[in-house]
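Comments concern the structure below.
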Amino acid sequence: MTSPAIAAGQEGARYQYRFFWHAALPMLYVDPPRVDKVVMEHRGVAAVDDVVVYYTTPGVADAERLVRIDYYQLKFHVAQSTCIASSDLIDPAFTSTTQSLLWRFAESWKALRAGGTSIRLNFVTNWSWCADDALPPLVRDSGALHEDFLTSSAGSKIGKVRTSWRTHLTLLDDAEFAAFIRELRLCMRAVSQSQAEEWLADRCDLAGLRRPNPAENHNPYDDLAGRLLAQGRREFTRDELATLVERENLRITTEPPFRSTCAIRSFRRFALVPETDARLIVDLTPLFRGRDPVNDEVWSKKIREQLEEILPQ
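Per my numbering, residue 1139 is the first one in the sequence shown, and the count goes up by one each step.
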């Protein structure tokens, strides 16, 4: 009989493998590619190394900036037996380590941003926030914290969470703390294991690859990802990925069955890059902060200009 701890570890690995394929497969059917490289268990990164996605120039829109690299730390739990409180993120006992999750994220963020590249750090878990916690109302669909986290009064519930985090993160000064919070993504209650498998199946269809057979207990993509890690192969570009799927006999069509579509995006969804599902993108997210327009010209002028610019295509 498999022990619960081993079963949980296996499920977590499967979750990581599927997240990797979800990020990597669009390189095979999006032209020009929006992703330059995907890495599993990045050896040069601490704390946020499970999956790392490098976007092609100029990057992906994130409010008023462009992000070039997304770092993901994935935590999958078999049972929905516990919720997550904002205090857990600064408690080493929550992750059974010597440093809290937020400390390790901040430490990695400080090292990574020294390279001058625009980044995001994503904590992804299928556990949900505790219902009575002060933080969830400020967490947007993308996992970003609303600006109110940084501006709420010190005596408010949110202000008390901010103070506890700020006091804990002594490795950051005030300006760094604010910048870190703006580049942090907390994606609680993310997709389930079955939803992750559906992601993978859809991506396989788009890339012209053999999709996992739901009647079988094993998944060739999970198996392959595990073998790649065992061999020390963690990093893949578009050409390397294409060679890999050909060698493994995963391709079923020479031309991916992808058809050009149009996507209009006005807000972000967890781990979704619409460029991977549509050739023609109208990205309105830089014009909004949450649901609010950044200025009075957004509805009267800016949106119209962007639509008129893209329509001839």
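Yeah, the Cβ is synthetic: ideal placement off N, Cα and C, and Gly gets one too.
Checklist entry - Cys1342: buried (16+ other C-beta within 10 angstroms of its C-beta) or exposed? => result Reading the sequence shown from its first residue, position 204 is the one you call residue 1342. By the beta-carbon neighbour count (other beta carbons within 10 angstroms, threshold 16), Cys1342 is buried.
Checklist entry - Which residue comes first and which comes last in the alpha helix (DSSP H) that contains Phe1287? => result If you number the sequence shown from 1, residue 1287 lands on position 149. Per DSSP, Phe1287 belongs to the alpha helix (DSSP H) from 1286 to 1289.
Next on the checklist: Rounded to the nearest angstrom, what separates Ser1290 and Asp1200 at their Cα positions?
Outcome noted: The sequence position of residue 1290 within the sequence shown is 152, counting from 1. The sequence position of residue 1200 within the sequence shown is 62, counting from 1. Whole-angstrom Cα-Cα distance: 23 Å.
Checklist entry - Hey, out of Glu1285, Val1168, Val1299, Lys1213, whose CA is closest to Asn1260's CA? => result Taking the first residue of the sequence shown as position 1, residue 1260 is located at position 122. The shortest C-alpha separation from Asn1260 is found at Lys1213.
Next on the checklist: Please report the distance separating the alpha-carbon of Arg1300 from that of Ala1185.
Outcome noted: Working through the sequence shown from its first residue, we reach residue 1300 at position 162. Working through the sequence shown from its first residue, we reach residue 1185 at position 47. So the two alpha carbons sit approximately 22 Å from each other.
Checklist entry - For the stretch 1269 to 1276 against the stretch 1300 to 1313, are there 3 or more C-beta pairs whose distance is under 8 Å? => result no
Next on the checklist: Going by C-alpha to C-alpha distance, which of His1160, Trp1437, Asp1430, Leu1227 sits closest to Arg1278?
Outcome noted: In the sequence shown, residue 1278 corresponds to position 140, counting from 1. Nearest of His1160, Trp1437, Asp1430, Leu1227 to Arg1278, Cα basis: Asp1430.
Checklist entry - Over what stretch of residues does the beta strand (DSSP E) that includes Lys1213 continue unbroken? => result To locate residue 1213, count along the sequence shown from 1; it is residue 75. Run containing Lys1213: 1207 to 1213, per the beta strand (DSSP E) assignment.
Next on the checklist: Taking the straight line between their C-alpha atoms, what separation do you get for Thr1195 and Val1205?
Outcome noted: By 1-based counting over the sequence shown, the position of residue 1195 is 57. By 1-based counting over the sequence shown, the position of residue 1205 is 67. Their backbone Cα atoms lie some 9 Å apart in a straight line.
Next on the checklist: I'd like to know if the stretch 1173 to 1182 and the stretch 1154 to 1161 are in contact, where contact means that at least 3 CB-CB pairs between them fall below 8 Å.
Outcome noted: yes
Next on the checklist: If distances are taken between C-alpha atoms only, which option among Val1383, Glu1245, Glu1149, Phe1232 comes closest to Leu1310?
Outcome noted: Along the sequence shown, read from residue 1 onward, the residue named residue 1310 stands at position 172. Considering only alpha carbons, the answer is Glu1245.
Next on the checklist: Below 8 Å on the Cβ atoms is my contact criterion, and I expect Trp1241 with Phe1318 to pass it. Report the Cβ-Cβ distance as a whole number of Å.
Outcome noted: Locating residue 1241 in the sequence shown gives position 103, where the first residue counts as 1. Locating residue 1318 in the sequence shown gives position 180, where the first residue counts as 1. That pair is no contact at about 11 Å.
Checklist entry - What do you reckon, are the CB atoms on Gln1154 and Val1189 nearer than 8 Å? => result Stepping through the sequence shown from its first residue, residue 1154 is reached at position 16. Stepping through the sequence shown from its first residue, residue 1189 is reached at position 51. Contact flag set, yes.
Next on the checklist: Whole angstroms are fine: how far does the CA of Glu1321 sit from the CA of Arg1427?
Outcome noted: Sequence index remark: in the sequence shown, residue 1427 carries index 289 (1-based). Sequence index remark: in the sequence shown, residue 1321 carries index 183 (1-based). When rounded, the distance between both Cα atoms is 14 Å.
Next on the checklist: Whole angstroms are fine: how far does the CA of Leu1366 sit from the CA of Phe1374?
Outcome noted: Numbered from its first residue, the sequence shown carries residue 1374 at position 236. Numbered from its first residue, the sequence shown carries residue 1366 at position 228. Cα to Cα, the separation comes out at about 11 Å.
Checklist entry - Among the residues of its own chain, which have a CB less than 7 Å from the CB of Pro1230, if the five just before and after it don't count? => result For this step, residue 1230 is matched to residue 92 along the sequence shown. Result list for Pro1230: Thr1236, Gln1237, Ser1238, in chain order.
Item to check | Asp1312 - DSSP class collapsed to helix/strand/coil | outcome: Position 174 of the sequence shown, counted from the start, is the residue given in the question as residue 1312. Correct three-state label for Asp1312: helix.
Checklist entry - Nearest-angstrom Cα distance between Ala1282 and Val1173? => result In the sequence shown, residue 1282 corresponds to position 144, counting from 1. In the sequence shown, residue 1173 corresponds to position 35, counting from 1. Computed Cα separation, rounded: 22 Å.
Item to check | Pair within 8 Å by beta-carbon distance, Cys1221 and Trp1267 | outcome: Sequence index remark: in the sequence shown, residue 1221 carries index 83 (1-based). Sequence index remark: in the sequence shown, residue 1267 carries index 129 (1-based). Going by C-beta atoms, Cys1221 is nearer than 8 Å to Trp1267.
Checklist entry - Any idea if Trp1337 is buried or exposed, counting beta-carbon neighbours within 10 angstroms, 16 or more meaning buried? => result Counting from one through the sequence shown, the residue named residue 1337 turns up at place 199. Per the 10 Å Cβ criterion, buried.
Checklist entry - Between the beta-carbon of Val1383 and the beta-carbon of Leu1344, is there less than 8 Å? => result Indexing the sequence shown from 1 puts residue 1383 at position 245. Indexing the sequence shown from 1 puts residue 1344 at position 206. Contact flag unset, no.
Checklist entry - So, is Arg1385 buried or exposed, given that buried needs 16 or more other C-beta atoms within 10 angstroms? => result The residue given as residue 1385 occupies position 247 in the sequence shown. Result: exposed.
Next on the checklist: So if DSSP puts Ala1199 in a beta bridge, which residue, or which two residues, is it bridged to?
Outcome noted: Here residue 1199 is taken as the residue at index 61 of the sequence shown, counted from 1. Paired residues: Leu1204.
Next on the checklist: At 4 residues or longer, what runs of the alpha helix (DSSP H) sit wholly inside the stretch 1311 to 1359?
Outcome noted: 1312 to 1320, 1331 to 1345
Next on the checklist: Rounding to the nearest angstrom, what Cα-Cα distance links Phe1232 and Ser1225 in this structure?
Outcome noted: Looking up residue 1232 in the sequence shown gives position 94. Looking up residue 1225 in the sequence shown gives position 87. One alpha carbon belongs to Phe1232, the other to Ser1225, and they sit about 9 Å apart.
Next on the checklist: Can you give me the C-alpha to C-alpha distance between Ala1339 and Arg1327, rounded to a whole angstrom?
Outcome noted: In the sequence shown, counting from the first residue as 1, residue 1339 sits at position 201. In the sequence shown, counting from the first residue as 1, residue 1327 sits at position 189. Roughly 21 Å between the two C-alpha positions.
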